[in-house]
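Enquirer:
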Amino acid sequence: MKKKELKEEEITGGSIKRKTLVSFSVFFVLAGLGIGGWVWLNKQDTSDGTLKPLRKVLNVNEKVNNAFFSDNHLVKEYPKSKAEKDVRVNGDVGMGEDYKFENWKLTINRHPESMSPDSVLYLTINDVRSLPYKGIIFDFKCIEGWSQVTNWGGVKFSDFLARYHLGTHSGRAPDPNHPEDLYKYVGLMTPDSAYYVGVDMKSMMHPQTILAYEMNDSVLPVDQGYPVRLIIPIKYGIKSIKRIGYIYFSDTRPKDYWFERGYDYDAAL
Ligand SMILES: Nc1nc2c(c(=O)[nH]1)N[C@H]1C(S)=C(S)[C@@H](COP(=O)(O)O)O[C@H]1N2
Ligand SMILES: [Mo]
């Protein structure tokens with residue numbers, strides 16, 4: 134009943150005229166404010182080439198970017214000639230010899246617990262390989278004291294999240310302007326769940342963190358983590374999990390094999 138009354142009022146000529154008048158007044162006031170604002174903005178300090186009020190906004194964006202997509206602190210990279218040919222194999226937890234690789238798929242849970250079918254994603258190695266290639270040759274450091282310059286190839290983990298809309302509460306691609314949408318941690322496990330690591334999202338988004346499917350420009354050897362391993366140069370080797378089977382996201386620390394055995398959770402260099 135009320136709706137009908139409103140409608141009737143709307144179609145009476147007087148009402149339309151009154152509304153048109155109000156609309157025009159509002160338009161002129163807003164236009165005036167816009168022009169005034171523009172004039173004010175252009176009177177502001179431009180000492181660094183950008184209007185100061187706009188610079189403030191850019192600075193805020195920059196801070197958010199740095200917090201999550203920082204490429205300051207890059208690990209030193211080496212030329213191919215320095216890469217070790219005879220790469221050490223260390224650690225075989227979760228690397229059972231009878232594993233059936235033909236059954237391998239990368240199982241991803243978009244969220245921590247829920248195993249509802251629409252929050253789980255299965256990817257093939259070709260889904261991983263379809264992203265831009267990223268190689269890295271760096272000094273791989275084990276917490277036990279040895280290190281080796283080694284050559285790895287794969288895809289940036291940050292590209293992987295962007296492509297498959299992973300790592301966010303919303304299910305959208307990570308957005309530097311919405312750092313609060315990102316999960317705080319990524320959990321990774323071998324297919325048999327015997328070896329597992331947890332890494333903070335900022336380190337996973339680091340531009341040198343890759344899902345590696347190559348070593349020395351060839352297919353990743355089985356004992357080095359075929360078909361895909363993590364290479365995270367800003368951390369000790371314990372975090373570079375071989376033979377990844379599961380990836381999931383969480384706001385609390387995922388379980389971590391070496392943390393449970395007394396090592397530092399972050400294992401940062
Ligand atoms: N699945 C799995 N990944 C693992 C380990 C392991 O025991 N199992 N060991 C870690 C440790 S302690 C190190 S130093 C590196 C060694 O990598 P590498 O065998 O390619 O030298 O792998 C890490 N990733
Ligand atoms: Mo290690």
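Per our numbering, the sequence shown starts with residue 134, numbered consecutively.
Ideal Cβ placement from N, Cα and C applies to all residues, glycine included.
Just so it is clear, the structure is predicted and the values come from calculations on it, not from any experiment.
Can you pull every residue whose C-beta falls closer than 7 Å to some heavy atom of ligand 2, listed in chain order?
Expert: Listed along the chain, these residues meet the criterion: Asn223, Gly224, Cys275, Ile276, Glu277, Tyr369, Gly370, Ile371.
Enquirer: Quick check: isoleucine 480 and threonine 283, are their CB atoms within less than 9 Å of each other?
Expert: The requested residue 480 is not part of the displayed model; the chain covers only 134 to 402.
Enquirer: Relative to the C-alpha of glutamate 246, which residue among Leu264, Pro387, Leu315, Asp399 is closest?
Expert: Translated into the one-based positions of the sequence shown, residue 246 becomes position 113. Of the listed residues, the one whose Cα sits closest to glutamate 246 is Pro387.
Enquirer: Would the beta-carbon of tyrosine 346 fall within 9 Å of that of valine 261?
Expert: For this step, residue 346 is matched to residue 213 along the sequence shown. For this step, residue 261 is matched to residue 128 along the sequence shown. Cβ distance < 9 Å, so tyrosine 346 and valine 261 count as in contact.
Enquirer: Verify the contact flag: tryptophan 391, CB atom, against every heavy atom of ligand 1, threshold strictly below 8 Å.
Expert: Your numbering for residue 391 matches position 258 in the sequence shown. Yes.
Enquirer: When every heavy atom of ligand 1 is checked, does at least one fall within less than 8 Å of the C-beta of lysine 375?
Expert: Counting from 1 along the sequence shown, the entry for residue 375 is found at position 242. The answer is yes for lysine 375.
Enquirer: Got a sec? Which residues, its chain only, sit under 7 Å from tyrosine 369 by beta carbon, not counting five neighbours each side?
Expert: The residue given as residue 369 occupies position 236 in the sequence shown. Result list for tyrosine 369: Lys274, Cys275, Ile276, Ala400, Leu402, in chain order.
Enquirer: Could you please give me the residues that DSSP links to valine 113 through a beta bridge?
Expert: The requested residue 113 is not part of the displayed model; the chain covers only 134 to 402.
Enquirer: Run through the DSSP bridge pairs and tell me what threonine 301 is partnered with.
Expert: Here residue 301 refers to the residue found at position 168 of the sequence shown. Bridge partners of threonine 301: Leu315.
Enquirer: Does lysine 274 come out as helix, strand or coil in the three-state DSSP assignment?
Expert: Counted from its first residue, the sequence shown places residue 274 at position 141. In this structure, lysine 274 counts as strand in the three-state DSSP scheme.
Enquirer: May I ask you to report which of helix, strand or coil DSSP gives arginine 394?
Expert: Here residue 394 refers to the residue found at position 261 of the sequence shown. The answer is coil: DSSP assigns arginine 394 none of H, G, I, E or B.
Enquirer: Anyone know if the C-beta pair for isoleucine 377 and glycine 358 falls short of 9 Å?
Expert: As a first step, residue 377 must be located in the sequence shown, where it is residue number 244. As a first step, residue 358 must be located in the sequence shown, where it is residue number 225. Cβ distance < 9 Å, so isoleucine 377 and glycine 358 count as in contact.
Enquirer: Contact defined as beta carbons within less than 8 Å: I believe isoleucine 365 pairs with tyrosine 328. What is the distance between those atoms, to the nearest angstrom?
Expert: If you number the sequence shown from 1, residue 365 lands on position 232. If you number the sequence shown from 1, residue 328 lands on position 195. About 14 Å; that fails the 8 Å criterion.
Enquirer: With DSSP as the reference, label asparagine 284 as helix, strand or coil.
Expert: Indexing the sequence shown from 1 puts residue 284 at position 151. Residue state, collapsed to three classes: strand.
Enquirer: For the beta strand (DSSP E) containing aspartate 260, list its first residue and its last residue.
Expert: What you label residue 260 is simply residue 127 of the sequence shown in a count that begins at 1. Looking at the DSSP string, aspartate 260 is not in any beta strand (DSSP E); the run it does join, the alpha helix (DSSP H), is 258-262.
Enquirer: Classify leucine 294 as helix, strand or coil using the three-state DSSP reduction.
Expert: As a position in the sequence shown, residue 294 is number 161, starting the count at 1. Note: leucine 294 maps to helix in three-state DSSP.
Enquirer: With a cut-off of 8 Å on the beta carbons, I'd call valine 332 and tyrosine 316 a contact; round off their distance for me.
Expert: Counting from one through the sequence shown, the residue named residue 332 turns up at place 199. Counting from one through the sequence shown, the residue named residue 316 turns up at place 183. No, valine 332 and tyrosine 316 are not in contact; Cβ-Cβ is about 11 Å, not under 8 Å.
Enquirer: When you compare the CB positions of leucine 254 and phenylalanine 382, do they come within less than 9 Å of one another, or not?
Expert: Here residue 254 refers to the residue found at position 121 when the sequence shown is read from its first residue. Here residue 382 refers to the residue found at position 249 when the sequence shown is read from its first residue. No.
Enquirer: Using only alpha-carbon positions, find the residue among Ser252, Trp279, His244 that is nearest to valine 220.
Expert: Mapped onto the sequence shown, residue 220 falls at position 87. Nearest option by C-alpha distance: Trp279.
Enquirer: How about proline 307 and serine 291: do their beta carbons lie closer than 9 Å?
Expert: Within the sequence shown, numbered from 1, the residue matching residue 307 stands at position 174. Within the sequence shown, numbered from 1, the residue matching residue 291 stands at position 158. Yes, these two residues count as a Cβ contact at 9 Å.
Enquirer: Can you find the residues in the same chain that come closer than 6 Å, C-beta to C-beta, to glycine 227, ignoring five residues on each side of it along the sequence?
Expert: Numbered from 1 along the sequence shown, position 94 holds the residue referred to as residue 227. Thr323, Asp325, Ala327, Tyr328.
Enquirer: Should glutamine 357 be listed as close to ligand 1, given that the test is whether its C-beta is under 8 Å from any heavy atom?
Expert: Against the sequence shown, residue 357 aligns to sequence position 224. Yes, ligand 1 has a heavy atom inside 8 Å of this Cβ.
Enquirer: Assuming arginine 296 contacts leucine 264 under a Cβ cut-off of 8 Å, what Cβ separation, rounded to an integer in Å, is found between them?
Expert: As a first step, residue 296 is located in the sequence shown; it is residue number 163 there, counting from the start. As a first step, residue 264 is located in the sequence shown; it is residue number 131 there, counting from the start. Yes, they are in contact, since the Cβ atoms of arginine 296 and leucine 264 sit about 6 Å apart, within 8 Å.
Enquirer: Can the beta-carbon of tyrosine 390 be found closer than 9 Å to that of isoleucine 367?
Expert: Position 257 of the sequence shown, counted from the first residue, corresponds to residue 390. Position 234 of the sequence shown, counted from the first residue, corresponds to residue 367. Contact flag unset, no.
Enquirer: Can you give me the C-alpha to C-alpha distance between asparagine 223 and leucine 239, rounded to a whole angstrom?
Expert: Against the sequence shown, residue 223 aligns to sequence position 90. Against the sequence shown, residue 239 aligns to sequence position 106. The straight-line gap from Cα to Cα measures roughly 23 Å.
Enquirer: According to DSSP, simplified to helix, strand and coil, what is isoleucine 365?
Expert: The residue labelled residue 365 in the question sits at position 232 within the sequence shown. Note: isoleucine 365 maps to coil in three-state DSSP.
Enquirer: Take histidine 302 and list the residues in its own chain whose beta-carbon comes closer than 6 Å to its own, dropping the five residues that flank it on each side.
Expert: The residue given as residue 302 occupies position 169 in the sequence shown. Only Asp314 meet the Cβ criterion.
Enquirer: Taking all protein chains shown into account, decide if serine 249 is buried (16 or more other Cβ within 10 angstroms of its Cβ) or exposed.
Expert: Within the sequence shown, the letter at position 116 stands for residue 249. Flag for serine 249 reads exposed.
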